[in-house]
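J.:
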Amino acid sequence: MALYGNFTGNEIIDYYNNFRPIDVEFLDELKSYFKVDLTLKIKALSTGNRKQVGLLLALASKPSLLILDEPTTGLDPLMTAEFHKVIKNLKKQGITIFLSSHDLSEVQAVCDRVGIIKEGKMILVENVEELKSKFMQHVKITFKNGNLPSIDDLGSLPSVISTKKINEETFILQVKEDVNDLLKLITNYSIHRISIEDATLEEIFL
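Using this note's numbering, the letters of the sequence shown map in sequence onto residues -15 to 190.
#1: Return helix, strand or coil for Leu50, following the three-state DSSP convention.
#2: Tell me whether Ala(-14), by its Cβ, gets closer than 7 Å to a heavy atom of the ligand SAH.
#3: Using a threshold of 8 Å, state whether the C-beta atoms of Lys128 and His176 are closer than that.
#4: Report the partner residues of Asn111 according to the DSSP bridge assignment.
#5: Use the C-beta contact count for Val109: other C-beta atoms within 10 angstroms, 16 or more gives buried, fewer gives exposed.
#6: Using three-state DSSP, classify Ile6 as helix, strand or coil.
#7: Need the endpoints of the beta strand (DSSP E) that His176 sits in, please.
#8: Select from Tyr173, Ser146 and Lys168 the residue whose C-alpha is nearest the C-alpha of Lys160.
#9: Anyone know if the C-beta pair for Asp87 and Thr56 falls short of 8 Å?
#10: Where does Glu103 land, buried or exposed, given buried means 16+ other C-beta within 10 angstroms?
#11: Around the C-beta of Ile6, are 16 or more other C-beta atoms found within 10 angstroms, so that it is buried, or is it exposed?
#12: If you reduce the DSSP assignment to three classes, tell me which class Thr64 lands in.
#13: Leaving out the 5 sequence neighbours to the left and right, which residues in its chain are closer than 7 Å to Phe10 when beta-carbon positions are compared?
#14: Which two residues bound the contiguous beta strand (DSSP E) that contains Ile26?
#15: Quick one: residues in its chain with C-beta nearer than 6 Å to the C-beta of His68, no 5 flanking neighbours on either side, listed in chain order?
#16: Would the beta-carbon of Ile79 fall within 8 Å of that of Leu50?
#17: Taking the alpha carbon of Leu74 as the reference point, which residue from Thr23, Asp96 and Ile150 has its own alpha carbon closest?
#18: Taking Met63 as the reference, which of Ser48, Leu40 and Ser84 has the closest Cα?
#19: Helix, strand or coil, according to DSSP, for Glu105 in the structure here?
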């Protein structure tokens, strides 16, 4: 968003208010998230702070539909986390948000549904959690009392893509699709702990 360099943050908010009325109460709430000094001129602000002013302007009218393209580029990690809080708050209020981002961890953090575009074509649109569950999972298994399968036994299972032995009794496996064969095998041994994590969106995309 292009901003007038000689305007202060407050002046540019007042200026934009002439074209799209601002929800003053919501603007005050947004200011509690974004810590930019609105008394300074835009040209005196850092790139990240200018981005914060732009986000304030985009959000302050509390639109029913919000389209954001790489909204957190230039923001530091703290401000990115605060922005994610704002987006989640808007979602709870029923506002529809389209977010375009190359940061797939960000998409995973704030989006309910994801669309993947490859070579200019939309190849997939699905609920984030359902999409992750259909792809590779990470399984960490810790056995006990020395009663455990060999790494070759685990690696030979059709559902297991890769195996890694962390210590004498702990394995990390990458598995895909039906894991019944894995569960059937490990129930023959003494299991201390097992945890399963879905693939990240970045892993799915790659």
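All C-beta atoms, glycine included, are put in the ideal place defined by N, C-alpha and C.
T.: Considering the structure as presented:
#1: If DSSP states are grouped into helix, strand and coil, Leu50 belongs with the strands.
#2: Looking at this structure, you won't find the ligand SAH or any other ligand, since it has none at all.
#3: In this structure, Lys128 sits near His176, with a CB-CB distance shorter than 8 Å.
#4: Residue pairing by DSSP puts Asn111 in a beta bridge opposite Arg97.
#5: Taking a 10 Å sphere around the C-beta of Val109, we find fewer than 16 other C-beta atoms and assign the residue as exposed.
#6: Three-state DSSP puts Ile6 in coil, outside helix and strand.
#7: Residues Ile175 to Asp182.
#8: If we check each option's Cα against that of Lys160, Ser146 comes out closest.
#9: In contact: Asp87 and Thr56 (Cβ atoms closer than 8 Å).
#10: Exposed, because fewer than 16 other Cβ atoms sit within 10 Å of the Cβ of Glu103.
#11: Buried, by the Cβ-count rule.
#12: Of the three classes helix, strand and coil, the one that applies to Thr64 here is helix, per DSSP.
#13: The residues are Ala44 and Lys46.
#14: Taken as a continuous stretch (DSSP letters only), Ile26 belongs to no beta strand (DSSP E), as it is neither H nor E.
#15: Setting aside the 5 residues that flank it on each side, His68 is surrounded in the same chain by Ala93 and Val94, each with a C-beta closer than 6 Å to its C-beta; the list follows chain order.
#16: Taking C-beta atoms as the reference points, Ile79 and Leu50 count as a pair closer than 8 Å.
#17: Among Thr23, Asp96 and Ile150, the Cα nearest to that of Leu74 is on Asp96.
#18: Among Ser48, Leu40 and Ser84, the Cα nearest to that of Met63 belongs to Leu40.
#19: At residue 105 the sequence reads Lys, which differs from the Glu that was named. For Lys105, the secondary structure class from DSSP, reduced to helix, strand or coil, is strand.
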